[in-house]
Structure formats: structure tokens, C-alpha cells
Amino acid sequence: MNTQEAANEMSAFDIAQAQIEVVGKRLRLDPGLLERLKRPSRELTVNFPVRMDDDAIKVFTGFRVQYNQVLGPFKGGIRYHPDVSLEEVRALAAWMTWKCAVIGLPYGGAKGGVICNPKEMSPGELERLTRRFTSEISIIIGPHKDIPAPDVSTDAQVMAWIMDTYSMNQGYSVPGVVTGKPLVIGGSKGREEATARGVMYATREAAKNIGMDLSDATIAVQGFGNVGYNAARLFKEECSSKIIAVSDSRGGIHSSRGLDPKKVKLHKERTGSVLGFPDSNQVTNEVLLEMDCDVLIPAALAGSITVSNAPRLKTRIVAEGANGPTTPEADGILFKKGVTVIPDILCNAGGVTVSYFEWVQSLQHFFWSIEEVKKRLEDVMVKAFEKVWTTAQEEQVDMRIAAYIVAMKKVVEAYRVRGIYP
Ligand code: GLU
């Protein structure tokens with residue numbers, strides 16, 4: 017097996033463990049503690065039946081992995097996708113642990129997923145699947161135990177069904193059991209665009225530090241879901257950047273004059289894809305990633321920047337909107353090329369940060385203005401960015417290693433003061 021094949025063989029969880037191992041050794045962690053950090057606390061697999069619209073009973077499989085809770089209750093999204101696996105959810109739960117720690121949120125990390133294809137399901141089927149899955153995992157979730165949120169192909173409506181199902185079983189409303197809810201049942205202003213807004217703040221800080229002007233900067237965005245669309249929109253509206261390419265799972269579109277993300281979204285709603293948008297050229301997702309641009313935003317699934325395309329990337333900044341888009345080998349190549357990679361656990365942490373704001377508001381039944389949410393999010397992102405940037409300079413490492421150093425030190429300190437039970 018050559019190096020490239022070996023890299024392709026690495027699962028998301030292999031990557032998550034390798035990252036912990038490298039930084040753990042660097043921090044000279046106790047080997048036993050390092051072993052603990054490389055494994056999740058608990059994993060729940062559930063198989064459950066759902067009545068489909070044609071009256072057939074279909075069995076689905078879902079997971080909730082609770083990775084670590086030393087800093088606070090478990091926290092992390094739930095994704096619906098045909099390729100969800102326990103291995104992937106485990107990696108995503110590990111990344112949530114480091115994400116919350118690097119940002120300084122009082123949470124541990126968790127993640128959930130259901131193997132399904134939401135694109136082929138009716139709203140009624142999705143509701144029944146969500147309610148039954150919630151009921152299956154309700155033995156381990158709760159507002160002070162584990163708080164789910166949206167992720168790939170889950171949204172505010174799905175969160176409302178989770179909140180309602182959990183609440184009906186408790187006998188009273190429990191808004192704090194989930195974040196990313198609709199406003200009317202205790203959601204937070206600004207949660208929907210929060211991940212993308214965080215990506216924008218982090219990229220703005222990176223641009224300042226490398227002397228790049230974001231106005232007129234060219235931006236290519238892979239993925240046009242919640243994160244990709246809102247990032248494209250915010251960079252255009254608030255930074256006057258030029259969005260030269262966007263894509264979805266079917267392929268991408270390019271325009272050297274710049275795209276209007278709002279119009280592209282309307283086109284996607286009408287036709288099901290960004291493809292065929294007027295006055296644009298069709299490109300593949302592979303071509304989009306290698307496009308000459310100032311900022312590349314991978315905002316789709318894991319593993320899009322690998323040893324095979326990293327040498328050909330022509331961007332100055334990679335802002336990781338997705339979780340796990342860059343493999344460790346690709347990281348090494350980009351670092352040598354001088355590309356600034358803003359790692360996922362920092363770059364896309366705006367979502368969980370506003371989830372935290374929502375949880376605090378839900379627990380207090382006291383709600384903030386959009387200005388307050390934006391201001392607090394900006395403060396949190398700028399502070400975390402500076403800490404990671406400074407650590408990278410001091411330790412002469414890339415920003416991902418620096419982010420892990422900051423996050424793991426915090427978790428280890430929590431273990432030190434809490435001690436090992438019993
Ligand atoms: N799914 C998002 C993430 O990967 C948000 C998680 C949350 O808000 O708990 O960060």
C-alpha cells in the first residue's frame with residue numbers, strides 16, 4: 017500500500033485518534049489519560065421501526081455517541097445521511113469535544129446520526145423517524161445531560177420534533193433539551209446563520225493577520241447547505257467579497273463576475289440543484305476545490321481535501337466550514353505551501369457557540385436581541401482565534417495542532433482538578 021492508499025484507508029475516527037495521539041505526545045500526557053482521550057465514554061446504537069407513507073414498516077439504525085463530559089454536559093448535532101456510520105459519529109463526537117474546549121464552552125462532546133436518505137422521505141416520514149429516534153435515545157439525553165442540535169440534513173423543524181417528543185414524555189415543556197429550535201419555542205435569534213457567521217469572523221481575523229483584504233477577495237464554497245449558503249451570503253453582504261463558485265452534491269457552478277447566493281438558493285429550491293444557474297459555467301466539485309481563489313470554504317462532508325488534490329490547491333486560506341474536510345497528510349502539504357488552514361474545531365464553532373447562547377436563554381426563559389447574539393459571537397470567535405493563532409506562532413505548528421493544544425490542555429486541566437473517580 018502506498019502512502020496515498022494508506023491515507024484513503026484512514027477512517028474519520030482514525031484521523032481523530034491520530035490528532036489526539038500527536039498532540040498528546042507533544043504535551044507529554046500521562047499515557048493512561050491519553051488512552052482515555054482517544055476513546056468515547058458511551059455509545060448507543062438503536063434499531064427502530066418507522067411506519068412509511070405506503071404503510072410498510074421500515075427499520076432504521078441510529079447512533080448517539082457521548083465522547084467526553086469532563087467540561088460539562090455532552091453537546092453535539094444529529095445528522096441524517098445514507099453514509100452515517102458508528103465510526104463516523106464517533107469521530108464527529110470527538111471533534112465536538114475539542115471544539116467546545118477550544119472555544120471555552122462549558123460542554124463536553126457528543127454526536128448522533130441516523131442512516132437514512134432524507135431527500136427521499138416525506139415530511140411525515142421524517143417526523144415519525146425523528147420522534148421514534150428521540151424516544152430511543154431519550155434514556156441518555158436531557159437538558160443537563162446531553163443536548164442535541166442540527167447537523168447535516170437536520171434543521172429547526174427536526175429540533176422542534178425532538179423537543180416536543182422529549183417534553184411529552186416528561187409531561188412538561190423542556191426547551192433546554194435541544195438547540196437550533198424555532199424561535200417560537202425558545203430558539204435563539206441568529207442560530208440559523210451562526211456557523212457561517214463564525215466562519216466569516218474567523219476568516220476575517222486570518223485575513224487581517226496575513227494582510228489580505230476581504231473586499232473583492234475571491235471565494236469558492238463547496239457545499240450549499242446551511243453553512244455553505246449562509247457563508248457565501250455573509251461574505252458577499254458583509255465583506256463585499258466575490259463568490260466565484262459554489263456547489264452541491266450534484267456539482268458546482270462558476271462565474272468570474274461573481275454569483276448572488278440568494279438567487280442561487282432560489283434556483284436550487286426551484287430545481288433541486290445549483291446546476292444550471294443562469295450565466296454560470298458548470299464545474300465538478302473536484303475542479304471547484306482546485307480553483308484559483310483567495311478563500312476556499314469546504315462546507316460539505318469530511319475528506320474532501322486529501323493528499324491527491326492538496327498539492328494543486330490555489331487558495332491562500334482554507335476556512336473549514338465542514339467537520340473533518342482535510343486529511344492529516346493534506347494538512348502537511350498545505351502547511352508547507354504556506355496556505356492558512358483555519359481548522360474545523362475553531363472555524364465552524366460559531367454554530368455550537370450560539371447553541372450555547374440558546375441553551376442559556378432556554379434555561380433562563382430570558383431572550384437576547386440579535387445584536388447581542390452577534391456581538392457575543394464575534395467576541396468569542398475573535399478571542400479563540402487569537403489564542404490559537406498565538407499558540408501556532410509560539411509553537412511553530414499549523415493552526416490545527418495549535419487548536420488541539422489549546423483544547424487538550426483545557427480538558428486535561430479539568431481532569432486534574434476533578435480527579436479520576438472513584
Ligand atoms: N452540528 C454543529 C457542529 O458540528 C452544531 C452542534 C451544536 O450546536 O451542538 O458544530
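No gaps in the numbering here: position 328 of the sequence shown is 344 in the working numbering, and each next residue is one more. The beta-carbon is built from N, C-alpha and C at its ideal position, and this holds for glycine as well. Predicted, not measured: the structure shown is a model, and the values here were computed from it.
Beta-carbon to beta-carbon, V396 and T356 are separated by about 20 Å, too far to satisfy the 8 Å threshold. DSSP lists no bridge partner for Q35.
Comparing C-alpha distances from E429 to each of E37, L43, S27 shows the shortest one belongs to L43. For H270, the enclosing beta strand (DSSP E) starts and ends at 267 to 270. Of the heavy atoms belonging to ligand 1, none sits nearer than 8 Å to the Cβ of S204.
In the DSSP assignment, T369 falls within the alpha helix (DSSP H) that extends over 366 to 380. Taking C-beta atoms under 8 Å as the contact rule, S296 and S324 fail to qualify, at a distance of about 26 Å.
Residues P191, S378 of the same chain have their beta carbon placed closer than 6 Å to that of G202, with the five preceding and five following residues left out of the count.
Contact check for I94 and G129: beta-carbon distance about 6 Å, within the 8 Å limit, so the pair qualifies. In the DSSP assignment, S151 falls within the unbroken alpha helix (DSSP H) covering 139 to 153. Closer than 8 Å to some heavy atom of ligand 1: that does not describe the Cβ of K352.
Between D310 and A233 the beta-carbon gap is near 4 Å, inside 8 Å, which marks them as a contact. Residue burial is scored here from C-beta neighbours: F382 has fewer than 16 other C-beta atoms within 10 angstroms and is therefore classed as exposed. Under the three-state reduction of DSSP, Q85 is assigned to coil, being neither helix nor strand. K74 is bridged by DSSP to V66.
DSSP places A261 within a strand segment (E or B) once states are collapsed to three. As the crow flies, the alpha-carbon of A315 is around 38 Å from that of I436. By alpha-carbon distance to L304, the top candidate from V334, L282, K281 is V334. About 4 Å separates the CB atoms of I321 and T342; that is less than 8 Å, so the two are in contact. Within a 10 Å sphere around the beta-carbon of Y83 sit 16 or more other beta-carbons, which makes this residue buried. For ligand 1, a non-hydrogen atom lies closer than 8 Å to the CB of D167.
In the DSSP annotation of this structure, the continuous segment of the beta strand (DSSP E) that includes Y96 starts and ends at 90 to 97.
A Cβ-Cβ separation of about 23 Å leaves F240 out of contact with K205 under the 8 Å criterion. Assignment of D30 by DSSP, reduced to helix, strand and coil, places it in the helix class. The C-beta distance from A126 to V81 rounds to 6 Å, short enough to fall under 8 Å. Boundaries around N225 are those of the alpha helix (DSSP H), 210 to 226, since no beta strand (DSSP E) includes it. By the CB criterion at 9 Å, V194 and P164 fall inside the cutoff. Assignment of V433 by DSSP, reduced to helix, strand and coil, places it in the helix class.
Looking at the DSSP output, I163 shares a beta bridge with K91.
In this structure, the beta-carbon distance from S263 to V237 falls below 9 Å. Relative to R249, the option among M216, G268, G124, E104 whose CA is nearest is M216. For K252, the uninterrupted alpha helix (DSSP H) segment begins and ends at 242 to 255. N225 and L329 have their C-alpha atoms some 21 Å from each other.
Beta-carbon to beta-carbon, A176 and P198 are separated by about 5 Å, close enough to satisfy the 8 Å threshold. Just so you know, the alpha carbons of V413 and E336 end up roughly 18 Å apart. Excluding five sequence positions before and after A210, the CB atoms of its chain that fall closer than 6 Å to its own CB belong to G366, G367, V370, given in chain order.
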